[in-house]
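What follows is a single structure, written as structure tokens, with notes after it.
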Amino acid sequence: AAKNSQKSNGEKKTERRDGRRLMTTEERSTGHVGVDVYFYWAKAAGGPWVPFVVVLVFGAVEVISVGSKWWLTYWSQHGSGANQMFFLGIYALINLSNVVAIFFRIIFVMLLGLRASRKIFTNLLAVIMHAPMSFFDTTPIGRIINRFSQDMYTIDSQLMDALRSYLTTIMNIVSTIVVISGVTPWFTVCLVPIILFYAAQQNFFTMTYRELKRLDSVNRSPLYALLGETVDGVATIRAFCGETALMNRLKKMVNTQQNAYYLLCVAQCWLAIRLEIVGTLFISLACLLAVFQHQIHGADLQFAGLAGLSISYSLSVTQSLNWSVRMASDLEASMIAVERVRSYCQVESEAPRDTYADSELP
Numbered sequence: 040a041a042k043n044s045q046k047s048n049g050e051k052k053t054e055r056r057d058g059r060r061l062m063t064t065e066e067r068s069t070g071h072v073g074v075d076v077y078f079y080w081a082k083a084a085g086g087p088w089v090p091f092v093v094v095l096v097f098g099a100v101e102v103i104s105v106g107s108k109w110w111l112t113y114w115s116q117h118g119s120g121a122n123q124m125f126f127l128g129i130y131a132l133i134n135l136s137n138v139v140a141i142f143f144r145i146i147f148v149m150l151l152g153l154r155a156s157r158k159i160f161t162n163l164l165a166v167i168m169h170a171p172m173s174f175f176d177t178t179p180i181g182r183i184i185n186r187f188s189q190d191m192y193t194i195d196s197q198l199m200d201a202l203r204s205y206l207t208t209i210m211n212i213v214s215t216i217v218v219i220s221g222v223t224p225w226f227t228v229c230l231v232p233i234i235l236f237y238a239a240q241q242n243f244f245t246m247t248y249r250e251l252k253r254l255d256s257v258n259r260s261p262l263y264a265l266l267g268e269t270v271d272g273v274a275t276i277r278a279f280c281g282e283t284a285l286m287n288r289l290k291k292m293v294n295t296q297q298n299a300y301y302l303l304c305v306a307q308c309w310l311a312i313r314l315e316i317v318g319t320l321f322i323s324l325a326c327l328l329a330v331f332q333h334q335i336h337g338a339d340l341q342f343a344g345l346a347g348l349s350i351s352y353s354l355s356v357t358q359s360l361n362w363s364v365r366m367a368s369d370l371e372a373s374m375i376a377v378e379r380v381r382s383y384c385q386v387e388s389e390a391p392r393d394t395y396a397d398s399e400l401p
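Okay, so the sequence shown: first residue is 40 according to my numbering, each after it adds one.
Written out as structure tokens, the structure is:
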């Protein structure tokens with residue numbers, strides 16, 4: 040029997056004697072995840088209207104949250120000598136509405152995610168089960184297992200967590216900007232360079248994080264393939280005392296995969312330092328502009344309460360900025376799993392089992 044030569048390029052490639060490649064190389068996309076991939080997930084979740092409804096739901100919950108904090112400010116300004124139970128009742132009602140809205144928001148998003156993942160998995164299973172034998176001859180089993188295991192787990196769990204966290208932090212940032220700009224309008228002028236710096240850092244980090252995530256996904260497939268081959272050929276490995284060579288090969292693959300994962304962690308630390316600067320600028324500008332506005336309004340108790348609301352929002356914006364960029368990158372990285380599964384859903388199927396002529400048979 041002729042021995043197949045093996046080359047490592049993310050995955051082992053088997054070649055025939057005449058030089059023609061038997062095993063196909065796993066494709067790795069580059070650049071941004073296409074808009075068609077997002078619409079593919081949205082279509083699986085229910086239709087093109089899904090993204091707009093999700094944004095509307097998150098926006099409504101954030102409006103209720105802002106209303107709760109504004110009511111505290113109003114209470115502090117007009118609560119002296121009034122019926123405290125009235126203010127307390129309104130505050131309790133607003134917060135109860137916020138809790139109910141958050142509960143239904145989570146249920147809504149989770150149901151969308153389950154519906155999308157179920158439909159995507161059903162399509163993937165149907166296509167693979169009807170794929171021709173040539174597809175299995177040229178595709179390592181570990182690559183197929185990776186689609187059904189790691190990629191589907193990402194779509195089931197990590198994708199929805201990233202989507203929920205990203206929209207939540209984005210709405211927090213938008214509400215913070217609106218509140219600070221409403222109290223101190225000069226903040227909008229200072230906001231332009233901050234947004235430009237923030238967008239540049241997010242774009243650079245997202246581009247790096249996305250490619251590292253793709254490398255991590257591609258380098259997992261050889262691990263699954265090697266483990267499957269080891270289980271099938273464990274008797275042969277023991278007979279020829281190949282344990283040491285197999286362990287060395289496995290360690291080399293794990294080191295290659297862990298290099299990409301380590302760089303993911305380093306990239307997140309790089310991002311955290313730069314977003315701390317943006318958060319500090321938000322807090323400094325909110326405080327300084329509130330002091331300058333005080334010279335215009337004087338001893339106005341109403342402005343004092345609104346200035347306190349503005350500063351309290353700015354104190355939490357650093358964490359929101361940090362998480363928004365991370366979750367944006369995680370969301371796009373999770374969409375890579377949809378992209379990879381979608382590529383296998385487009386595999387050409389074999390001829391149908393039943394034809395029109397079969398139904399005409401007696």
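Every residue gets a Cβ at the ideal spot worked out from N, C-alpha and C, and that includes glycine.
From a predicted model like this one, the values you see are computed outputs, not experimental measurements.
Same chain, Cβ closer than 7 Å to residue i, five either side skipped, listed in chain order
i	result
T208	S359, W362, S363, M366
L302	L251
A106	Looking at the sequence itself, residue 106 is Gly, so the reference to Ala does not match. If we look at G106 and ignore the five residues flanking it on each side, its Cβ neighbours are I133.
P87	F78, A81
A306	F244, T247, Y248, L251
S136	I103
S373	T193, Q197, L198, A201
Counted within 10 angstroms of its Cβ, other Cβ atoms place residue i as buried (16 or more) or exposed
i	result
F321	buried
A311	exposed
P179	buried
Q332	buried
E378	buried
D393	exposed
L95	exposed
T357	buried
I145	exposed
D255	buried
V100	buried
V74	exposed
S156	buried
Secondary structure of residue i, DSSP reduced to three states
i	result
R392	coil
N48	Residue placement at N48 is poorly supported in this model, since its pLDDT is 37, which falls under 50; the coordinates still yield a value, given next. The answer is coil: DSSP assigns N48 none of H, G, I, E or B.
C280	coil
Q385	coil
W225	coil
T357	helix
T193	helix
V72	coil
D57	Note that D57 has pLDDT 45, beneath the 50 cutoff, so the model's placement of it is unreliable and no number is given.
E431	Since the first and last residues shown for the chain are 40 and 401, residue 431 lies out of range.
V295	The sequence shown places Thr at residue 295, rather than the Val named in the question. Helix at T295.
P179	coil
G86	coil
G267	helix
G347	helix
G318	helix
P171	coil
E23	Given a span of 40 to 401 for the chain in the structure shown, any question on residue 23 remains unanswerable.
Endpoints, alpha helix (DSSP H) assigned at residue i
i	result
G152	123 to 168
W109	89 to 117
Test item: CB-CB of residue i and residue j under 9 Å
i	j	result
N162	C384	yes
G344	Y79	no
H71	R249	yes
I194	F160	yes
D369	S204	yes
A376	Q197	yes
W109	L354	no
V93	L206	yes
A346	T215	no
M149	M191	no
T295	N258	yes
V76	R277	no
Y130	L153	no
E387	F142	no
L327	I219	no
Close-in-space but distant-in-sequence residues of the same chain around residue i (CB under 6 Å, 5 per side omitted)
i	result
Y237	V317
K42	With a pLDDT of 35 at K42, under the threshold of 50, the modelled position of this residue cannot be trusted, and the question is left open.
Chain-order list of residues whose beta-carbon lies under 8 Å from that of residue i (same chain, five-residue window excluded)
i	result
V293	L262
V270	none
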